[in-house]
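What follows is a short report on a single structure.
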Amino acid sequence: MDYLIQIENLGKRYEDFTLAGINLAVEPGTVVGFIGSNGAGKTTTLKAALGLIAADTGTVRLFGQAIEPGSAALDALKARIGIVFDTCAFPSTARVKEVGAIGRAAYATWDEVRWNELLAAFKLTPKKKVSELSRGMGMKLTLAFALAHHPQLLVLDEATAGLDPLARDEVLDILRDFVAEGDRGILMSTHITSDLEKIADEIVCVDNGAIVFSAPKDAITDEAGVARCRAAEVEALLAGGVVTPGAARVLRHDYGVDVLVPDRFAVARAFPDLVVDKATIEDYMTLTLKGESR
Amino acid sequence: MKTMIVSDFAALRSALLQLLGICLVIGLFMSYVMGGVGTSAAISAMVPFMCLFSLAAVDEQNGWERFRLTLPITRRQVVFGRYASVAIATVFALVLALGLAFLLLAVVNLLPAAWVPASLAPAENPPAAIVGSTVGSVGIIMVAMAVALPLIMRFGMTKAARIVPLIVVVVIAGCVSFFDADFLFANGMVRDLVTWLDTGSNYLVAAVGALAAVAVLYVASALIAAKLYERREF
Numbered sequence: 001m002d003y004l005i006q007i008e009n010l011g012k013r014y015e016d017f018t019l020a021g022i023n024l025a026v027e028p029g030t031v032v033g034f035i036g037s038n039g040a041g042k043t044t045t046l047k048a049a050l051g052l053i054a055a056d057t058g059t060v061r062l063f064g065q066a067i068e069p070g071s072a073a074l075d076a077l078k079a080r081i082g083i084v085f086d087t088c089a090f091p092s093t094a095r096v097k098e099v100g101a102i103g104r105a106a107y108a109t110w111d112e113v114r115w116n117e118l119l120a121a122f123k124l125t126p127k128k129k130v131s132e133l134s135r136g137m138g139m140k141l142t143l144a145f146a147l148a149h150h151p152q153l154l155v156l157d158e159a160t161a162g163l164d165p166l167a168r169d170e171v172l173d174i175l176r177d178f179v180a181e182g183d184r185g186i187l188m189s190t191h192i193t194s195d196l197e198k199i200a201d202e203i204v205c206v207d208n209g210a211i212v213f214s215a216p217k218d219a220i221t222d223e224a225g226v227a228r229c230r231a232a233e234v235e236a237l238l239a240g241g242v243v244t245p246g247a248a249r250v251l252r253h254d255y256g257v258d259v260l261v262p263d264r265f266a267v268a269r270a271f272p273d274l275v276v277d278k279a280t281i282e283d284y285m286t287l288t289l290k291g292e293s294r
Numbered sequence: 001m002k003t004m005i006v007s008d009f010a011a012l013r014s015a016l017l018q019l020l021g022i023c024l025v026i027g028l029f030m031s032y033v034m035g036g037v038g039t040s041a042a043i044s045a046m047v048p049f050m051c052l053f054s055l056a057a058v059d060e061q062n063g064w065e066r067f068r069l070t071l072p073i074t075r076r077q078v079v080f081g082r083y084a085s086v087a088i089a090t091v092f093a094l095v096l097a098l099g100l101a102f103l104l105l106a107v108v109n110l111l112p113a114a115w116v117p118a119s120l121a122p123a124e125n126p127p128a129a130i131v132g133s134t135v136g137s138v139g140i141i142m143v144a145m146a147v148a149l150p151l152i153m154r155f156g157m158t159k160a161a162r163i164v165p166l167i168v169v170v171v172i173a174g175c176v177s178f179f180d181a182d183f184l185f186a187n188g189m190v191r192d193l194v195t196w197l198d199t200g201s202n203y204l205v206a207a208v209g210a211l212a213a214v215a216v217l218y219v220a221s222a223l224i225a226a227k228l229y230e231r232r233e234f
């Protein structure tokens, strides 16, 4: 299959940080959520994938073609990607309409009608300077820029940060429509995991420069669960034969013990007195990263 | 390259409008003090440098420099586009400076002689001197930019601001020791050059020659900058 982006065994070494063995792929028609704590390696991975930094090991394929930073092939492929970073990066002295002029000059596929539609939908005034936009409006401008040239792949790095809940829903609707075409996909790095619950198909978590888990979103939010136990119940749960050894994560806190289980229905059947909540992506990530493997 | 020029001038637009106002004020002040010669020299030196540093500052704001590389442009196009933008700003400054100086002198010619300050008297502002001072200023500024731009492209403005003055001081010191003034004057080289410049339209030939030499240096600088920029990580 030709993935929109496929990262294999990516590695990059800095003095104080090492990214190693990163594997990640986005199929057409899917949204891959890329999560992890601050400094875990998400942005480094995205930078390497986009050729902004040279990876030490591994390969990155865009639309099936292996890329080298600085190569002419990469620059042609970049025309098929829309990027939204965590800040509105356009020159602060430029006006919104001049940002459109940059898009017209950069992309052969730039769609002025779509650009104007997006400006109207996001209530962005063409005469306004970038420096006069709030953080949320700045992110909308970047998103409009990313969408107006009809990319096949969207790479979003904290794109919904700074948006109010209504605006976030609006953006998520646009992203859903974008993916619904079937031949397009999104790689979305974010800390707002609730956004991923609404839109993602696959979740990849990175921590300390390495992939910690990669799972379909439904396996996390529909099948997995968090058993809310008292200390005495934990061993019985783990010894009950419902959870494969090593598959549970146990996190003790002041008021009890949370146990992440891969199949909450099986646990609920075997231990009807136990409260087993649906796991959120945040629960899953927190328990996987901080919990003890049992 | 077009993307780069469009984005540079989108970033510069408001600064250029402010610069026009500043140039008018400085032009009036300088013309009173130094005549048309000083006016054109000051404006032609000031505008390109201000544009260069404005653009370098914008590059470092909000990760624009990094985001720009996600657009479908090569790193070479980024470098050559930046050199082209600065060159366009320099030509604009050259035309503006000459235009302002000659306009000023034309206006002065319409005024009664008693109202005109000595510095603006036609005898003090021959066209050759105005063209010479303007081209001289542009030449010096272009050499400075040819030195500064590769460092800015490689290290970014914040780091380059620490390196550029060091390089400039070394270059100036090298030039001073190489072009020994006593030797030049003692051998009559300066006198001969001045005589040649004063002959017919030789000053125009010299101006074109100087600009061509500086242009060659500027292109060489662009090629070096492109090489340095290829290795930069964001």
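Residue numbers (our numbering), protein chains in the order written: chain A, 1 to 294; chain B, 1 to 234.
We put the beta carbon where it would ideally sit given N, CA and C, even for glycine.
Predicted, not measured: the structure shown is a model, and the values here were computed from it.
I'd like the span of the beta strand (DSSP E) that includes residue i, first residue to last.
| i | result |
| --- | --- |
| residue 127 of chain B | No beta strand (DSSP E) contains residue 127 of chain B, which is instead part of the alpha helix (DSSP H) from 127-178. |
| residue 251 of chain A | 249-253 |
| residue 227 of chain A | 225-229 |
| residue 209 of chain B | From DSSP, residue 209 of chain B is part of no beta strand (DSSP E) but of the alpha helix (DSSP H) over 202-230. |
| residue 130 of chain A | Neither: residue 130 of chain A is in no beta strand (DSSP E) and is coded neither H nor E. |
| residue 162 of chain A | No beta strand (DSSP E) contains residue 162 of chain A, which DSSP labels as neither H nor E. |
| residue 82 of chain A | 81-84 |
What residues are listed by DSSP as bridge partners for residue i?
| i | result |
| --- | --- |
| residue 6 of chain A | A:25 and A:61 |
| residue 18 of chain A | A:13 |
| residue 204 of chain A | A:34 and A:214 |
| residue 157 of chain A | A:189 |
| residue 235 of chain A | DSSP output for residue 235 of chain A lists no bridge partner at all. |
| residue 256 of chain A | A:253 |
| residue 107 of chain B | According to DSSP, which records beta bridges pairwise, residue 107 of chain B is partnered with nothing at all. |
| residue 66 of chain A | A:61 |
Identify the continuous alpha helix (DSSP H) that holds residue i and give its terminal residues.
| i | result |
| --- | --- |
| residue 211 of chain A | Here residue 211 of chain A belongs to no alpha helix (DSSP H); instead the beta strand (DSSP E) covers 210-216. |
| residue 34 of chain A | It is not in any alpha helix (DSSP H) - residue 34 of chain A instead sits in the beta strand (DSSP E) that spans 31-35. |
| residue 113 of chain A | 112-121 |
| residue 138 of chain A | 135-147 |
| residue 102 of chain A | 96-106 |
| residue 174 of chain A | 165-180 |
| residue 190 of chain B | 189-197 |
| residue 43 of chain A | 42-49 |
| residue 111 of chain B | Neither: residue 111 of chain B is in no alpha helix (DSSP H) and is coded neither H nor E. |
| residue 74 of chain A | 72-78 |
For residue i and residue j, I'd like the C-alpha separation in whole angstroms.
| i | j | result |
| --- | --- | --- |
| residue 212 of chain A | residue 289 of chain A | 8 angstroms |
| residue 112 of chain A | residue 95 of chain A | 16 angstroms |
| residue 187 of chain B | residue 178 of chain B | 15 angstroms |
| residue 19 of chain A | residue 141 of chain A | 31 angstroms |
| residue 135 of chain B | residue 94 of chain B | 8 angstroms |
| residue 233 of chain B | residue 195 of chain A | 31 angstroms |
| residue 8 of chain B | residue 44 of chain B | 19 angstroms |
| residue 47 of chain A | residue 53 of chain A | 6 angstroms |
| residue 126 of chain A | residue 148 of chain A | 15 angstroms |
| residue 128 of chain B | residue 204 of chain B | 8 angstroms |
| residue 118 of chain A | residue 55 of chain B | 28 angstroms |
| residue 26 of chain A | residue 87 of chain B | 43 angstroms |
| residue 150 of chain A | residue 256 of chain A | 50 angstroms |
| residue 299 of chain A | residue 273 of chain A | There is no way to answer for residue 299 of chain A, as the model of chain A reaches only from 1 to 294. |
| residue 90 of chain B | residue 40 of chain B | 13 angstroms |
| residue 114 of chain A | residue 275 of chain A | 49 angstroms |
| residue 229 of chain A | residue 78 of chain A | 50 angstroms |
| residue 175 of chain B | residue 124 of chain B | 30 angstroms |
| residue 92 of chain B | residue 101 of chain A | 21 angstroms |
| residue 93 of chain A | residue 161 of chain A | 23 angstroms |
| residue 157 of chain A | residue 163 of chain A | 14 angstroms |
| residue 14 of chain A | residue 281 of chain A | 29 angstroms |
| residue 51 of chain A | residue 18 of chain B | 37 angstroms |
| residue 139 of chain B | residue 75 of chain A | 35 angstroms |
| residue 70 of chain A | residue 84 of chain A | 20 angstroms |
So residue i contacts chain C; which residues on that side make the cut at Cβ distance below 7 angstroms?
| i | result |
| --- | --- |
| residue 141 of chain B | The displayed structure is made up of protein chains A and B, and chain C is not among them. |
**Item:** Entirely enclosed alpha helix (DSSP H) segments - the stretch 63-96 of chain B, minimum 4 residues
**Value:** Within the stretch 63-96 of chain B, the complete alpha helix (DSSP H) runs of at least 4 residues fall at 64-68.
Are the stretch 195-203 of chain A and the stretch 233-247 of chain A in contact at 8 angstroms, needing three or more beta carbon pairs? No: fewer than three Cβ pairs fall under 8 angstroms.
Are the stretch 206-224 of chain B and the stretch 134-150 of chain B in contact at 8 angstroms, needing three or more beta carbon pairs? Taking 8 angstroms as the limit for Cβ pairs, the verdict is that the stretch 134-150 of chain B does touch the stretch 206-224 of chain B.
Q: Could you tell me which uninterrupted beta strand (DSSP E) segments, each at least 3 residues in length, are contained entirely in the stretch 258-283 of chain A, listed from first to last along the chain?
A: Positions of the beta strand (DSSP E) runs, each at least 3 residues long and wholly inside the stretch 258-283 of chain A, are given as 275-278 in order along the chain.
Worksheet item: So does the stretch 158-174 of chain A actually touch the stretch 30-39 of chain A, counting three or more Cβ pairs closer than 8 angstroms?
Response: These segments do not touch.
Would the stretch 14-34 of chain B count as touching the stretch 97-110 of chain B if we require 3 or more Cβ pairs under 8 angstroms? Segments in contact, yes.
* Asked: So does the stretch 52-71 of chain B actually touch the stretch 103-115 of chain B, counting three or more Cβ pairs closer than 8 angstroms?
  -> The stretch 52-71 of chain B and the stretch 103-115 of chain B do not touch, with fewer than 3 CB-CB distances between them shorter than 8 angstroms.
- Given 8 angstroms, three or more beta-carbon pairs between the stretch 56-68 of chain A and the stretch 38-46 of chain A: Too few Cβ pairs lie closer than 8 angstroms, so no.
Check: Do the stretch 256-272 of chain A and the stretch 209-227 of chain A meet, that is, are 3 or more Cβ pairs less than 8 angstroms apart?
Finding: Yes: the two stretches touch, three or more of their Cβ pairs being nearer than 8 angstroms.
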